[in-house]
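1 is the number of the first residue of the sequence shown in the UniProt record's numbering; add one for each residue after it. All C-beta atoms in this analysis are idealised placements derived from N, C-alpha and C, irrespective of residue type, glycine included.
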Amino acid sequence: MVKGSFTEEKESVLPPSRLWKGGIRDVLNLLPKIMPEVIATFEAFTYVKDRVDIMDDEKHVFKYTVIEGGEIGRKLKSNSSEIQFQATSSGGRSGQDEGDPR
Numbered sequence: 001m002v003k004g005s006f007t008e009e010k011e012s013v014l015p016p017s018r019l020w021k022g023g024i025r026d027v028l029n030l031l032p033k034i035m036p037e038v039i040a041t042f043e044a045f046t047y048v049k050d051r052v053d054i055m056d057d058e059k060h061v062f063k064y065t066v067i068e069g070g071e072i073g074r075k076l077k078s079n080s081s082e083i084q085f086q087a088t089s090s091g092g093r094s095g096q097d098e099g100d101p102r
């Protein structure tokens, strides 16, 4: 089993509202159009049960937890991830992606 966590932070010139819409709200529609060669060959897990813990459109925060399936029980005890988009002084955004594989 893997133990630990990670935090990844990136900056973009796009405003948080646009990244939120494209990266969280419309991702299932946009991804096949943006990267058809990846999505066409992508093989998903046969079964994954997850839970959305937070979906805050005003603060641009998305947190979910994988409960069953995928790597749970094989390599991971549990897995949760939180993505947050915040405006920066330059007008862009600072995004934070935190994962906690246990």
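Rounded separation between residue i and residue j - CA only
i   : j   : result
S89 : S12 : 12 Å
M1  : P36 : Because M1 carries a pLDDT of 48, less than 50, the predicted location of this residue cannot be relied on, and the following value inherits that uncertainty. Distance between the alpha carbons of M1 and P36: 33 Å.
R51 : Y64 : 6 Å
K75 : G69 : 11 Å
K10 : I83 : 11 Å
Buried or exposed (CB count within 10 angstroms, at least 16 for buried), residue i
i   : result
F85 : buried
N29 : exposed
P16 : buried
G73 : exposed
Sequence-distant residues of the same chain with beta carbon closer than 6 Å to residue i, five excluded per side
i   : result
Y47 : G69
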